[in-house]
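Student:
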Amino acid sequence: MELNIPFNKPYLTGKETEYINQSVISGKISGDGVFTKKCHQWFEENLQVKKALLTTSCTDALEMAALLINIKPGDEVIMPSYTFVSTANAFVLRGAKIIFADSHKNHPGIDESKIESLITTKTKAIVPVHYAGVACNMDVIMDLANKYDLYVIEDAAQAIDSYYLGKDGIKKTLGSIGHLAAFSFHETKNIMSGEGGLLVINDDKFVKRAEIIREKGTNRSAFFRGEVDKYNWVDVGSSFLPSDIIAAFLYAQLENIEKIQKQRKLIWDLYHRLLTPLSVKGKINLPEVPLYATNNGHMFYLDCKTLANRTKIIDVLKLNGVLAVFHYLSLHKSTFYQNNHDGRALTYSDYYTDTLLRLPLYFELTEKEVTLIANIITKIFE
Ligand SMILES: *Cc1c(COP(=O)(O)O)cnc(C)c1O
Numbered sequence: 000m001e002l003n004i005p006f007n008k009p010y011l012t013g014k015e016t017e018y019i020n021q022s023v024i025s026g027k028i029s030g031d032g033v034f035t036k037k038c039h040q041w042f043e044e045n046l047q048v049k050k051a052l053l054t055t056s057c058t059d060a061l062e063m064a065a066l067l068i069n070i071k072p073g074d075e076v077i078m079p080s081y082t083f084v085s086t087a088n089a090f091v092l093r094g095a096k097i098i099f100a101d102s103h104k105n106h107p108g109i110d111e112s113k114i115e116s117l118i119t120t121k122t123k124a125i126v127p128v129h130y131a132g133v134a135c136n137m138d139v140i141m142d143l144a145n146k147y148d149l150y151v152i153e154d155a156a157q158a159i160d161s162y163y164l165g166k167d168g169i170k171k172t173l174g175s176i177g178h179l180a181a182f183s184f185h186e187t188k189n190i191m192s193g194e195g196g197l198l199v200i201n202d203d204k205f206v207k208r209a210e211i212i213r214e215k216g217t218n219r220s221a222f223f224r225g226e227v228d229k230y231n232w233v234d235v236g237s238s239f240l241p242s243d244i245i246a247a248f249l250y251a252q253l254e255n256i257e258k259i260q261k262q263r264k265l266i267w268d269l270y271h272r273l274l275t276p277l278s279v280k281g282k283i284n285l286p287e288v289p290l291y292a293t294n295n296g297h298m299f300y301l302d303c304k305t306l307a308n309r310t311k312i313i314d315v316l317k318l319n320g321v322l323a324v325f326h327y328l329s330l331h332k333s334t335f336y337q338n339n340h341d342g343r344a345l346t347y348s349d350y351y352t353d354t355l356l357r358l359p360l361y362f363e364l365t366e367k368e369v370t371l372i373a374n375i376i377t378k379i380f381e
C-alpha cells in the first residue's frame, strides 16, 4: 500500500477562525487584547506560575530572558549542545560565551553531573532544555544555581503539559521551576499558533521590567492599567508581544489541550509498544523517561545506534511514503560556533546528532498508520 504520511500536520480544533473573527470585530487586534488576557490567565492558572506573557516566539521569550538577567559581553551561559539554535542565539546576541555541556548517555537532555565543573566566576546562567518534553534533573540544577548564585532559564519550548517530580515529593509543571522559562507555539509543537511563544516569570523581581522590555522599553502596560499618567521610554526593549489574532488562535488550542494531549500520548504509547520487540533484540533504543519526569507526547524518537542504521531507516520509510527526520546537529560543531568552543569532546551530543530519528506524531495520525510505520521499521531488521 502506498502511504503518504508527513512528519507533522498542524491540528485545528475548529474554533480558531471563530475566535480570530471575534478578535477582529472587537476592533482591537494589537497586542494584549481580550484573547491575550485569556491566554495569560490560562497559563498562570494551569502552569501555576506567577506571571505569563505571550511573545511572538519562544526565541523572543529567550531573548527577553537574556535581557532580563542583564547578560553582558564575557558572561558565560551553560546549556546542552544538543539543542535548537535559539537556545544559544538569545544569549550570544547579548555577547555571552556559551559553555556547552554534554547530553546523558541514555537521553539527549543535559547531563546534570557535567555542569558543576563548567561553572566559573563568569557563569551567569544555566539553560536546561526539556528535550522531547522530558524534564531535566531540576533538583540538581537548582541546587547548583543556589550554591553559585546563578539564574536558571528553562527552555520549555517542547514541554507544555509535562512535569517534574522533585525530591520533596512535589509535582511541578515544567516552566515553573527556574527563575524564567520559555515555551513555543510553533506549528510543530503540541499546542500551536503557527508562530508563537510564552515567557514565564517565577521570580517576582522580573515582572515589572519584563512588561517594559516586551513593550519597546516603555511603561505602556502600567499606563493602560492607570498606574502612571503618561507612558515613557524607561529601559531597553523591543516589540515582543504578539497580535491578539495570534492569541485568539492559541486560545482555541488551549481549550482543547486535554483532547490533544490524550491523543498524542496514545500515539506515543502505541509506537512504544509496537517497537519494544526491536529494542529487546538490541536493534534500537526507545526513549527513556526518568522517574522524576513525565512524557507529554511531544515527540517519539528512536535511537538508531548508528548513523548507517538511521540513514537506512529514513530511506526505507521514505520509499514507503513516510517522512521521518533527524534532529539537532551539535551546536559546538556548528559552522557559526565551532571556533568559540573550548575543544572538549561532547560524546553523547554527537552520538544523538548521528543516531536520533523522529517519527511522525500528530493528532490526526491513525492507529493503523502507526502500526504500518512500526511494521516497516521492524521488517528492516528481519
Ligand atoms: C521549537 C524550539 C525553540 C524555538 O521556538 P520558536 O517558537 O520557533 O522560536 C527553542 N528551543 C527548543 C528546544 C525548541 O524545540
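Residues 0 to 381 in numbering that gives the first Met the number 0 are what the sequence shown spells out, letter by letter. For each residue, glycine too, the CB sits at the ideal point set by N, CA and C. Nothing here was measured: the structure is a model prediction, and the numbers come from that model.
Rounded C-beta distance between Y291 and L179? I'm assuming under 8 Å.
Tutor: Actually they are not in contact, since the Cβ atoms of Y291 and L179 sit about 21 Å apart, beyond 8 Å.
Student: Is G177 close to ligand 1? I mean its beta-carbon at under 6 Å from any heavy atom of the ligand.
Tutor: Checking the Cβ of G177 against ligand 1 gives no.
Student: Rounded to whole angstroms, what's the CA-CA distance from K121 to L285? Just pull it up for me.
Tutor: Rounded to the nearest angstrom, the two C-alpha atoms are 38 Å apart.
Student: Just to confirm before moving on: does the CB-CB distance between N7 and Y361 stay below 7 Å?
Tutor: Yes, the Cβ-Cβ distance between N7 and Y361 is below 7 Å.
Student: Between the Cα of D202 and those of E153, G108, C135, spot the shortest distance and give me the residue it belongs to.
Tutor: Closest by alpha carbon: E153.
Student: Excluding the five sequence neighbours on either side, which residues of its own chain have a C-beta within less than 6 Å of the C-beta of R93, listed in chain order?
Tutor: Answer for R93: A65, I70, listed in chain order.
Student: Which class does G32 belong to by DSSP, given the choice of helix, strand or coil?
Tutor: Coil at G32, not helix or strand.
Student: Would the region 192 to 199 and the region 50 to 61 be scored as touching if the rule is three or more Cβ pairs under 8 Å?
Tutor: Enough Cβ pairs lie closer than 8 Å, so yes.
Student: When the distance is taken between beta carbons, is N295 closer than 7 Å to D160?
Tutor: Yes.
Student: Could you check the C-alpha separation between E363 and E186 for me, to the nearest Å?
Tutor: When rounded, the distance between both Cα atoms is 14 Å.
Student: For ligand 1, is there a heavy atom less than 6 Å away from the beta-carbon of F83?
Tutor: Result yes, Cβ under 6 Å from ligand 1.
Student: Just to confirm my understanding: we take E254, look at its own chain, exclude 5 residues before and 5 after, and list those with CB closer than 8 Å. What are they?
Tutor: Cβ within range, chain order: T12, K14.
Student: If we ignore side chains and look at the alpha-carbon of each, how far apart do P276 and I376 end up?
Tutor: The alpha-carbon atoms of P276 and I376 are separated by roughly 11 Å.
Student: For the region 266 to 280 against the region 27 to 40, are there 3 or more C-beta pairs whose distance is under 8 Å?
Tutor: No, because fewer than three Cβ pairs between the region 266 to 280 and the region 27 to 40 fall closer than 8 Å, the two stretches do not touch.
Student: Going residue by residue through the region 117 to 198, where are the continuous alpha helix (DSSP H) segments of at least 4 residues, counting only ones entirely within it?
Tutor: Whole alpha helix (DSSP H) segments, 4+ residues: 137 to 147.
Student: Between which two residues does the beta strand (DSSP E) holding K96 run?
Tutor: Unbroken beta strand (DSSP E) run through K96: 96 to 100.
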